[in-house]
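Each remark here refers to the structure printed beneath this line.
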């Protein structure tokens, strides 16, 4: 049972454009929503994360938008660069339980063309 | 610097053989996880551990086992390798009680079962 659904599976964006990746979740107990970035041949690494008490979090060119009522959250990459080409995973967990378990989306392969 | 390592990085084995993938972390984290990554499925949780002698089944645990005899290591064993277990395997760790449940990933092991 997939509790976090991610789309699109792949995305091609021109340099300088905006990349948008969407995720939807089912479990209303989720209260921690991270995004991980993975370069080829490497393990995923935390990029940015949000809790549902805010609707948006920005770190440099990366922004998470969160819609609690719709149970959706998205990653926006502004001024996309070729170096942003990677696979991106959204995830969710019940952070308050401190179990550490993350449920990951299916992943999005982003290619930024120069 | 603290790190999480996996070995081997690449492994080719035959159907029916027992295979063990190693994971070692120097973060002194209580939580450790094993995932498999397959195209279209994202990262799926195989087994996880919250401390020494603790192990739990994840989403796709059939055919896999783990044991935790110390804080640093969580080896993953494929009892009788099957072609369906051809995948990239990632180990991760996180700190119990740490807000946000950030997981730190190893570099992965690419396993091919012929």
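Residue numbers (the working numbering), protein chains in the order written: chain A, 4 to 117; chain B, -9 to 104.
Ideal placement from N, C-alpha and C gives every residue a C-beta, glycine not left out.
All values derive from a computational prediction rather than experimental measurement.
Chain-order list of residues whose beta-carbon lies under 6 Å from that of residue i (same chain, five-residue window excluded)
i, result
"residue 95/A", "7, 28, 33, 36 and 106"
"residue 20/A", "83"
"residue 67/B", "10 and 55"
"residue 90/A", "41, 110 and 112"
"residue -6/B", "15, 83, 94 and 96"
Residues of its chain near residue i, where Cβ-Cβ distance is below 7 Å and the 5 sequence neighbours each way are ignored
i, result
"residue 72/B", "5, 53 and 103"
"residue 48/B", "35, 36, 37 and 38"
"residue 43/B", "58"
"residue -3/B", "12"
Pair within 8 Å by beta-carbon distance, residue i and residue j
i, j, result
"residue 84/B", "residue 103/A", "yes"
"residue 48/A", "residue 23/B", "no"
"residue 88/A", "residue 79/A", "no"
"residue 79/B", "residue 64/B", "no"
"residue 46/A", "residue 98/B", "yes"
"residue 92/A", "residue 32/B", "yes"
Partners in chain A for residue i, counting only beta-carbon separations shorter than 7 Å
i, result
"residue 79/B", "Those do not exist, as residue 79/B stays about 10 Å from chain A at its closest Cβ, beyond 7 Å."
"residue 31/B", "109"
"residue 97/B", "45 and 46"
"residue 21/B", "103"
Closer than 9 Å at the beta carbon, the chain A residues around residue i
i, result
"residue 54/B", "Near residue 54/B there are no residues of chain A at all, since even the closest Cβ is about 17 Å away, more than 9 Å."
Identity of the residue in the options nearest residue i by Cα
i, options, result
"residue 69/B", "94/B, 63/B and 57/B", "57/B"
"residue 60/B", "50/B, 81/B, 41/B and 46/B", "41/B"
"residue 44/A", "-1/B, 74/B and 33/B", "-1/B"
"residue 81/A", "23/A, 39/A and 57/A", "23/A"
"residue 30/A", "71/A, 65/A, 13/A and 85/A", "71/A"
"residue 26/A", "15/A, 18/A, 108/A and 114/A", "108/A"
"residue 29/B", "13/A, 38/A and 116/A", "13/A"
"residue 26/B", "-9/B, -3/B and 50/B", "50/B"
"residue 13/B", "62/B, 44/B and 75/B", "62/B"
"residue 21/B", "8/B, 74/B and 46/B", "46/B"
"residue 92/B", "38/A, 15/A, 17/A and 18/A", "38/A"
Under 7 Å by beta carbon: chain B residues contacting residue i
i, result
"residue 92/A", "32 and 33"
"residue 49/A", "92"
Any non-hydrogen atom of the ligand ATP within 7 Å of residue i CB
i, result
"residue 35/A", "Judged by which ligands are present, the structure shown has none, so any question about the ligand ATP falls away."
Q: Check whether the segment -6 to 6 of chain B touches the segment 75 to 83 of chain A, taking contact to mean three or more Cβ pairs, one atom from each stretch, closer than 8 Å.
A: Taking a contact to require three or more Cβ pairs closer than 8 Å, the segment -6 to 6 of chain B and the segment 75 to 83 of chain A do not qualify as touching.
**Q.** Three or more C-beta pairs below 8 Å linking the segment 45 to 54 of chain A and the segment 8 to 16 of chain A
**A.** Flag = no, the segment 45 to 54 of chain A and the segment 8 to 16 of chain A do not touch.
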